[in-house]
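Student:
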Amino acid sequence: MSFSALAALVAAEPTVAPPSGFWGVLANWANAFIDTFKIGGENFVGLVTGIIPTLIVLLTAVNALIRWIGPDRIDRVGEMAARPGLQYYPIRYLVLPVLSVFILTNPMAYTMGRFLPERYKPAFYDSAVSYVHPITGIFPHANGGELFVYLGIAAGIQTLGLPLGDLALRYLLVGMVVIFIRGVLTEFITARMMARRTASDAANAEAVA
Amino acid sequence: METINKTLVTIGRSVGGVVGVLYQAGRDTIDMVIRNILPFMAFISVIVGIIKKTGVGDKLAHLIEPAAGSLPGLLLISVFCAIPVLSPLLGPGAVIAQIVGVLLGERIGAGNIQPQYALPALFAINPQVGCDFIPVGLALGEAEPETVEIGVPAVLFSRLVTGPLSVVIAYLASFGLYSS
Numbered sequence: 000m001s002f003s004a005l006a007a008l009v010a011a012e013p014t015v016a017p018p019s020g021f022w023g024v025l026a027n028w029a030n031a032f033i034d035t036f037k038i039g040g041e042n043f044v045g046l047v048t049g050i051i052p053t054l055i056v057l058l059t060a061v062n063a064l065i066r067w068i069g070p071d072r073i074d075r076v077g078e079m080a081a082r083p084g085l086q087y088y089p090i091r092y093l094v095l096p097v098l099s100v101f102i103l104t105n106p107m108a109y110t111m112g113r114f115l116p117e118r119y120k121p122a123f124y125d126s127a128v129s130y131v132h133p134i135t136g137i138f139p140h141a142n143g144g145e146l147f148v149y150l151g152i153a154a155g156i157q158t159l160g161l162p163l164g165d166l167a168l169r170y171l172l173v174g175m176v177v178i179f180i181r182g183v184l185t186e187f188i189t190a191r192m193m194a195r196r197t198a199s200d201a202a203n204a205e206a207v208a
Numbered sequence: 000m001e002t003i004n005k006t007l008v009t010i011g012r013s014v015g016g017v018v019g020v021l022y023q024a025g026r027d028t029i030d031m032v033i034r035n036i037l038p039f040m041a042f043i044s045v046i047v048g049i050i051k052k053t054g055v056g057d058k059l060a061h062l063i064e065p066a067a068g069s070l071p072g073l074l075l076i077s078v079f080c081a082i083p084v085l086s087p088l089l090g091p092g093a094v095i096a097q098i099v100g101v102l103l104g105e106r107i108g109a110g111n112i113q114p115q116y117a118l119p120a121l122f123a124i125n126p127q128v129g130c131d132f133i134p135v136g137l138a139l140g141e142a143e144p145e146t147v148e149i150g151v152p153a154v155l156f157s158r159l160v161t162g163p164l165s166v167v168i169a170y171l172a173s174f175g176l177y178s179s
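Protein chains in written order, with numbering that gives the first Met the number 0: chain A, 0 to 208; chain B, 0 to 179.
1. With a threshold of 8 Å between beta-carbons, can residue 143 of chain B be considered close to chain A, or not?
2. Return the residue from the list A/149, A/169, A/79 and A/124 that minimises the CA-CA distance to residue 101 of chain B.
3. Step through the CB atoms of chain B and report whether any lies within less than 8 Å of the CB of residue 148 of chain A.
4. Can you grab the Cα-Cα spacing for the pair residue 166 of chain A / residue 176 of chain A, in whole Å?
5. With 16 other CB atoms within 10 Å as the buried threshold, where does residue 31 of chain B fall?
6. Should residue 40 of chain B be labelled buried (16 or more other beta-carbon atoms within 10 Å of its own) or exposed?
7. Applying a beta-carbon distance threshold of less than 8 Å, which residues of chain B neighbour residue 67 of chain A?
8. Report yes if the C-beta distance between residue 156 of chain A and residue 163 of chain A is below 8 Å; otherwise report no.
9. Is residue 128 of chain B closer than 8 Å to residue 137 of chain B when the C-beta atoms are compared?
10. Measure the C-alpha to C-alpha separation of residue 26 of chain B and residue 19 of chain A and round it to an integer number of angstroms.
11. Assign residue 200 of chain A to one of two classes, buried (16 or more other C-beta atoms within 10 Å of its C-beta) or exposed (fewer than that).
12. Using a Cβ distance threshold of 8 Å, determine whether the stretch 84-102 of chain A contacts the stretch 62-73 of chain B, with at least three qualifying pairs required.
13. Applying a beta-carbon distance threshold of less than 8 Å, which residues of chain B neighbour residue 117 of chain A?
14. In whole angstroms, give me the CA-to-CA distance for residue 201 of chain B and residue 144 of chain A.
15. What does residue 114 of chain B touch in chain A if you count any residue whose Cβ is under 7 Å from its own?
16. Note down, one range per segment and in chain order, each alpha helix (DSSP H) of at least 4 residues found wholly within the stretch 66-142 of chain B.
17. Using a Cβ cut-off of 8 Å, pull out every chain A residue sitting near residue 150 of chain B, in sequence order please.
18. With distances taken Cα to Cα, identify the nearest neighbour of residue 68 of chain A among A/99, A/192 and A/53.
19. Give every residue of the same chain whose Cβ lies closer than 6 Å to the Cβ of residue 105 of chain A, excluding the five residues on either side of it in the sequence, and list them in chain order.
20. Short check: CB of residue 83 of chain B to CB of residue 164 of chain B, under 8 Å?
21. Do three or more CB pairs link the stretch 68-87 of chain B to the stretch 117-133 of chain A at distances below 8 Å?
22. Is there a Cβ of chain B sitting closer than 8 Å to that of residue 177 of chain A, yes or no?
23. Under a Cβ-count criterion, where at least 16 other Cβ atoms within 10 Å of its own Cβ denotes burial, should residue 173 of chain A be classed as buried or exposed?
24. Any idea if residue 139 of chain A is buried or exposed, counting beta-carbon neighbours within 10 angstroms, 16 or more meaning buried?
25. Along chain B, which residues have their Cβ under 7 Å away from the Cβ of residue 42 of chain A?
26. If you measure from the beta carbon of residue 180 of chain A to each beta carbon in chain B, is any gap under 8 Å?
27. Determine the DSSP secondary structure at residue 105 of chain A, reduced to helix, strand or coil.
28. Would you kindly check if the distance between the Cβ of residue 189 of chain A and the Cβ of residue 149 of chain B is under 8 Å?
29. For residue 173 of chain B, count neighbouring Cβ atoms within 10 angstroms of its own Cβ and tell me buried if that reaches 16, exposed if not.
30. Is the Cβ of residue 121 of chain B closer than 8 Å to any Cβ of chain A?
31. Would you call the CB atoms of residue 74 of chain B and residue 14 of chain B closer than 8 Å?
32. Would you say residue 87 of chain A faces chain B, with C-beta separation under 8 Å as the test?
33. Considering only C-alpha positions, which residue in the set B/130, B/8 and B/103 is nearest to residue 119 of chain B?
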């Protein structure tokens, strides 16, 4: 083969043809496969560099604060919340759940229910568990494993270039209103169900006798 | 001399205490990041990769987008999440709420959903919070088995009312948020 023929051959195929046929399909599939994880990886780096550094510093500060306060300080609030009477509702379904979620975090916060009589326990749990997401907007230490309920939506707000503080604060405050209503309503439902249970037990006992 | 010694010891002790607490707090933090936060970020990233590449996310998002962009739609989502049979299934680890949160966030970022709906949406996707965990949560509070028996349905039924109610409250509270 002469040199000119070789040159013509090189000139005729200056670019690589896109893969076609059976192997082409496979190759395209492989590209899409890798791309999927590339996109995922970029997303991961974005999360790690965007969220983790601030989060670590904030978590350290709040964890230290909680250690200084001492988790057993809120036991007294728990005892106060167990009292009957209208004026103790806000303590039972607002102060106690917020403090226990902040200081004991998810899931240890629910142990504060031990100070309450049985009829308040479901309502306290309902109230406390409903606060583990609203609190993450400003205090992510309370529920580190479930940050993305807030962070997912907050990411969209950030993309638009809007400040997050307003949303986080309103989430925190509306959360307080909601957990209070939840506590009161669940206590009411629990009381009704317990009364019905006792009534039916009494009826059964009568039927047996 | 005695007093100086005492002061020195006190200062040394308190500084050591402060440093120790901060160091332990840092240790707890890194532990939490590695054990809870990073794994979930990895998980979310895999989902985001698949959703973006396959276009499933767009279809899913188009499905929830009309619902998430209006008050009646958000109420519908909250009622759905609060149905007593479904709520314990949707609850575990808040995984569903977190994925829907990420999807809605992307739609808000793309401008398909107005940003002031972010607040009611946060409550609309979350009436099922903790519904899978009621017996365990009550047991942590040292509740009797009879209380658990009544507590589970009591909480589930209460959510059916307070779920949509929370969306309405959040909607009212979102006036003036990200809009002039």
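Each residue gets a CB set at the ideal place from its N, CA and C atoms; glycine is no exception.
Tutor: Once the coordinates are examined:
1. yes
2. A/149
3. yes
4. 15 Å
5. buried
6. buried
7. 20
8. yes
9. no
10. 54 Å
11. exposed
12. no
13. 142, 143, 145 and 146
14. In the structure displayed, chain B extends from 0 to 179; residue 201 of chain B sits before or after that span and is not available.
15. 156, 159 and 161
16. 70-81, 86-89, 94-109, 117-123 and 133-139
17. 120, 121, 124 and 189
18. A/99
19. 131 and 142
20. no
21. no
22. yes
23. buried
24. buried
25. 44, 47 and 48
26. yes
27. coil
28. yes
29. buried
30. yes
31. no
32. no
33. B/103
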